[in-house]
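J.:
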């Protein structure tokens with residue numbers, strides 16, 4: 001049994017997690033929210049208070065200022081707050097510093113995204129091997145439970161893989177993780193979380209095909225899929241965190257990730273990327289200033305936190321799994337649908353933050369009551385998925401499972417052909433800009 | 001008779017002007033090229049030498065370093081070089097400083113664009129009244145010839161207006177100045193001159209309709225026109241320098257300016273503008289840096305100077321003039337076509353710089369030989385257009401004149417209807433972004 005939770009970070013995902021932790025503080029104990037900007041933590045507490053979400057009012061809910069790159073400061077805060085579980089929802093640049101503080105103090109660690117070095121993007125796969133897994137032995141020695149990637153994707157979709165292997169398949173052939181946001185924020189263009197982190201996902205595509213890492217240009221492979229609730233949407237082959245542990249832990253030939261983008265998003269993204277605005281490398285202005293273009297993009301785009309009040313529509317995230325059960329071909333779609341407006345009504349947040357912020361609290365609840373007691377570093381698919389999915393059903397993210405007739409029109413075609421063929425079939429063309437010699441994809445003239 | 005020319009600036013237009021001045025230095029005398037960066041001046045001299053363009057080798061061609069915002073330094077350079085004509089082809093932010101130095105030393109001044117204050121865009125029309133015309137009395141008192149806007153547009157198109165009034169019309173009804181670049185630089189996106197100045201032209205549209213200033217959103221009014229040589233092209237109602245003097249000096253009901261843009265240009269421009277990248281107002285980054293987004297755009301786009309070698313196709317710039325002559329309706333198109341590749345072959349420059357850089361040298365030649373001897377501040381349309389057009393015919397920019405059957409299918413429809421009607425007829429729709437509440441135009445979904 002572990003008590004008292006330290007939430008690090010005060011962005012959109014931390015906002016949701018703090019609400020959900022407060023709503024389950026009979027299990028979790030005291031809750032401290034810490035970030036570089038104290039006022040942002042206090043705003044979250046105001047929101048929780050406004051909603052009357054502190055379930056057990058005998059437990060504390062409070063804020064602290066913290067620079068989480070400062071390991072001794074984080075160690076001191078963990079000790080001072082008597083926290084036995086740290087939920088890290090700060091920037092992905094902070095992960096290894098916070099993990100070090102957890103190892104030093106012997107407390108449980110939960111995060112939702114892979115560590116990133118500000119100066120590097122889309123490093124050699126598997127990404128977990130670059131930073132996290134190098135610290136696995138030290139977690140095991142100290143008996144520290146470190147649960148990596150416990151958001152929705154990565155996180156819940158990893159548990160869906162484990163569930164498919166445990167209950168639905170004798171042998172898995174392919175897994176296609178589909179993430180579509182069919183909601184509308186009403187802005188010309190916005191990202192649903194920190195643009196600086198968001199756009200780093202789209203520099204190039206690392207995907208796991210036929211048990212090998214394959215590299216594709218961003219947005220070069222497109223499929224349509226008729227989703228439950230949200231209907232038919234385009235999705236594009238994309239790289240994503242979860243592939244970097246599932247490729248090691250799940251026995252399947254191919255595991256691919258697909259993200260939904262509308263034509264307008266693809267157009268704006270293509271312009272920004274082709275011109276070099278999404279670069280994390282500084283350029284020199286005529287004023288002599290050295291400026292990272294991506295930081296200017298971040299300054300100009302709407303703050304993702306401001307999108308929530310007007311957001312309408314649904315998200316749908318899930319796994320199409322194909323394989324065999326009892327000698328028969330089988331295909332299932334294990335998925336979750338969230339309604340942006342319902343999320344806002346409940347916790348004053350939009351659906352993207354909601355789907356990412358609820359799962360780490362479910363994970364913390366399982367760590368708190370001893371159900372998940374790894375005593376080492378694990379990715380979510382290495383843990384029993386059923387208690388996790390059961391808590392999520394109860395606290396806001398119910399899972400649905402749909403059987404699909406194999407090889408029918410309703411099936412998802414995740415087969416990736418050679419690039420020239422993909423591009424000739426897609427509605428996009430690859431152009432290489434001399435101004436920015438990365439491959440970019442522009443809409444094909446009609 | 002005036003001798004010795006000081007060219008201030010060392011960008012693409014100055015490059016062309018220096019070549020043409022060297023090719024006519026028997027009229028102009030010594031040529032000094034001065035700019036903030038001495039090496040850029042020296043590169044121009046190398047290009048002139050490479051091409052063997054110094055006609056009279058007994059005259060000097062040399063470079064000087066100059067910060068032209070420093071009026072005493074400019075005064076000293078004018079005196080040291082014994083220059084009697086200054087051609088100002090530096091940034092539009094420098095104009096009033098350079099003009100002051102010319103008034104102080106009593107030498108002739110020629111520029112090609114209206115003065116701009118870095119902190120202001122699209123000020124109250126007429127723009128010449130904000131800075132230039134306030135100094136007209138002082139030019140007259142000192143007998144200083146100051147010729148404003150002597151590039152192509154403004155410049156040659158102003159002379160075309162004067163020519164129309166002098167030779168082709170008893171009464172002018174409308175003038176539509178059309179500027180289309182039907183060339184291709186082979187880059188994903190680039191501006192043909194300094195992006196910082198270029199995009200300032202497109203913040204909003206001031207136009208002269210029915211003898212009043214009218215304001216329209218950028219790219220909200222579109223027409224097609226079948227140009228000589230380059231064929232049918234879309235043009236958009238645009239604000240432009242020349243309207244701000246022609247509205248005062250030319251007796252016509254409406255004088256409008258139209259600029260050609262392809263769909264791809266409009267798309268990229270719309271994305272950048274709607275997101276706020278074209279703003280001259282600084283934003284604060286998470287690093288604490290204060291950054292002007294437009295300066296980042298400038299740093300990321302190709303240097304206009306680098307476009308020349310691969311540029312192909314033609315420009316066509318001219319005036320559709322409608323009115324009456326000898327009691328009959330008349331319509332003429334007075335225009336000039338330039339070939340990018342031919343410009344490069346001749347002076348190692350592209351056609352946009354060529355059309356802007358040749359006219360101020362023609363003006364300087366007329367000032368040098370006393371043909372244009374205003375002894376005050378004038379705009380080009382106030383001077384005799386015929387000697388100017390005659391020199392241009394001879395030194396690289398020959399004028400063509402085409403009679404058009406009034407009210408035929410070949411006529412240009414410059415009538416501007418109300419905005420709602422224009423937008424419903426055009427292929428573009430107006431959207432207002434909450435992120436950037438300026439009106440922006442996005443392509444209409446088909």
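Chains as they are written, first to last, in UniProt numbering: chain A, 1 to 446; chain B, 1 to 446.
Backbone N, C-alpha and C fix where the C-beta goes; we use that ideal spot for every residue, glycine too.
Of all Cβ atoms in chain A, is any one closer than 8 Å to the Cβ of residue 10 of chain B?
T.: It does not: the Cβ of residue 10 of chain B has no partner Cβ on chain A nearer than 8 Å.
J.: What does a CB cutoff of less than 6 Å around residue 344 of chain B pick up in its chain, not counting 5 residues either side in sequence?
T.: Hits under 6 Å: 308.
J.: Going by DSSP, name the residue or residues bridged to residue 32 of chain A.
T.: Answer is A:6, A:62.
J.: Among the residues of its own chain, which have a CB less than 7 Å from the CB of residue 17 of chain A, if the five just before and after it don't count?
T.: Closer than 7 Å at Cβ, skipping near neighbours: 7, 87, 89, 357, 360, 361.
J.: Look at the Cβ atom of residue 205 of chain A, then the Cβ atom of residue 188 of chain A, and state whether they are nearer than 8 Å.
T.: Not a contact, by the Cβ cut-off of 8 Å.
J.: Pull the bridge partners of residue 222 of chain A from the DSSP assignment, please.
T.: In DSSP, residue 222 of chain A forms a bridge with A:236.
J.: So, for residue 403 of chain B: in the same chain, excluding its five sequence neighbours on each side, which residues have a beta-carbon less than 7 Å away from its beta-carbon?
T.: If we look at residue 403 of chain B and ignore the five residues flanking it on each side, its Cβ neighbours are 332.
J.: Cutting at 7 Å between CB atoms, please list the residues of its own chain near residue 69 of chain B, excluding the five before and the five after it.
T.: Here the set comprises 94, 97.
J.: Taking residue 299 of chain A as the query, report the chain B residues whose CB atoms sit under 7 Å from its CB, ordered along the chain.
T.: Near residue 299 of chain A (Cβ distances below 7 Å), the residues of chain B are 283, 284, 285.
J.: What does the alpha-carbon distance come out to for the pair residue 386 of chain A and residue 32 of chain A?
T.: In a straight line, the C-alpha of residue 386 of chain A is about 28 Å away from that of residue 32 of chain A.
J.: Residue ranges of each beta strand (DSSP E) run of no fewer than 3 residues wholly in the UniProt domain "Saccharopine dehydrogenase NADP binding" (5-147) of chain B, ordered along the chain?
T.: Those beta strand (DSSP E) runs which fall completely within the UniProt domain "Saccharopine dehydrogenase NADP binding" (5-147) of chain B and span 3+ residues are 5-8, 31-35, 61-65, 85-88, 108-111.
J.: Who are the near neighbours of residue 301 of chain B in its chain, counting only those whose CB is closer than 8 Å to its CB and skipping five residues on each side?
T.: For residue 301 of chain B, where only same-chain residues beyond five positions count, the Cβ hits under 8 Å are 189, 190, 191, 195.
J.: Say whether chain A places a C-beta atom closer than 8 Å to the C-beta of residue 265 of chain B.
T.: Answer no: the Cβ-Cβ gap between residue 265 of chain B and chain A never drops below 8 Å.
J.: Compile a chain-ordered list of the residues in the stretch 59-81 of chain B whose CB is closer than 8 Å to at least one CB of chain A.
T.: Here the close residues number zero.
J.: What are the residues that DSSP puts in a beta bridge with residue 216 of chain A?
T.: According to DSSP, which records beta bridges pairwise, residue 216 of chain A is partnered with A:205.
J.: Given this structure, state the Cα-to-Cα distance separating residue 265 of chain A from residue 76 of chain A, to the nearest angstrom.
T.: Going from the Cα of residue 265 of chain A to the Cα of residue 76 of chain A covers about 44 Å.
J.: Under a CB-based cut-off of 8 Å, is residue 441 of chain B close to chain A?
T.: Any answer about residue 441 of chain B is weak, because its pLDDT of 37 lies below 50 and its placement is not dependable; what the coordinates show is given next. Chain A, which has no Cβ nearer than 8 Å to the Cβ of residue 441 of chain B, makes this no.
J.: With a threshold of 16 other CB atoms inside 10 Å of the CB of residue 160 of chain B, please say whether the residue is buried or exposed.
T.: By the neighbour-count rule (16 or more Cβ atoms within 10 Å), residue 160 of chain B is buried.
J.: Step through the CB atoms of chain B and report whether any lies within less than 8 Å of the CB of residue 293 of chain A.
T.: Taking Cβ atoms only, chain B reaches closer than 8 Å to residue 293 of chain A, which makes this a yes.
J.: Consult DSSP for residue 354 of chain A and reduce its assignment to one of helix, strand or coil.
T.: Helix at residue 354 of chain A.
J.: Looking only at C-alpha atoms, which of A:297, A:4, A:306, A:27 sits nearest to residue 351 of chain A?
T.: The shortest Cα separation from residue 351 of chain A among A:297, A:4, A:306, A:27 belongs to A:306.
J.: Checking contacts by CB at 8 Å: is residue 276 of chain A closer than that to chain B?
T.: So yes, residue 276 of chain A belongs to the interface.
J.: Interface residues of chain B around residue 289 of chain A at Cβ under 7 Å?
T.: Result: 289, 291.
J.: Is it true that the stretch 40-60 of chain B meets the stretch 381-400 of chain B, where meeting means three or more beta-carbon pairs spaced less than 8 Å apart?
T.: At 8 Å Cβ cutoff, the stretches do not touch.
J.: Among the candidates A:424, A:44, A:418, A:413, whose CA atom is the shortest distance from the CA of residue 174 of chain A?
T.: Residue 174 of chain A has its Cα closest to that of A:413, out of A:424, A:44, A:418, A:413.
J.: What is the C-beta distance between residue 101 of chain B and residue 71 of chain B, in whole angstroms, given that I count them as a contact (C-beta under 8 Å)?
T.: Correct: roughly 5 Å between the Cβ atoms.
J.: Under 8 Å, Cβ to Cβ, is there at least one residue of chain A near residue 188 of chain B?
T.: Cβ-Cβ to chain A under 8 Å: yes for residue 188 of chain B.
J.: Cα separation between residue 140 of chain B and residue 166 of chain B?
T.: So the alpha carbons of these two residues sit roughly 25 Å apart.
J.: What I want to know is whether the C-beta of residue 343 of chain A ends up closer than 7 Å to one or more non-hydrogen atoms of the ligand PLP.
T.: In the structure on display, the ligand PLP does not appear, and there are no ligands present to speak of.
J.: So which residues of chain B does residue 13 of chain A contact, with C-beta pairs closer than 8 Å?
T.: By Cβ distance, chain B contributes nothing, its closest Cβ being about 18 Å from residue 13 of chain A, past 8 Å.
J.: Any beta carbon from chain A within less than 8 Å of residue 121 of chain B's own beta carbon?
T.: It does not; no Cβ of chain A falls within 8 Å.
J.: Please give the ranges of any beta strand (DSSP E) in the stretch 321-371 of chain B, keeping only runs that are unbroken, at least 3 residues long and fully inside the region.
T.: Counting whole runs of 3 or more residues, the stretch 321-371 of chain B contains the beta strand (DSSP E) stretches 328-339.
J.: So residue 284 of chain B packs on residue 420 of chain A, CB below 8 Å; how close in whole Å?
T.: Residue 284 of chain B to residue 420 of chain A, Cβ: 45 Å. No contact.
J.: Are the CB atoms of residue 338 of chain A and residue 319 of chain A within a distance shorter than 8 Å?
T.: Going by C-beta atoms, residue 319 of chain A is not nearer than 8 Å to residue 338 of chain A.
J.: Is there a Cβ from chain A that is less than 8 Å from the Cβ of residue 320 of chain B?
T.: Cβ-Cβ to chain A under 8 Å: no for residue 320 of chain B.
J.: Quick check on residue 377 of chain B: does DSSP put it in helix, strand or coil?
T.: The answer is strand: DSSP assigns residue 377 of chain B an E or B state.
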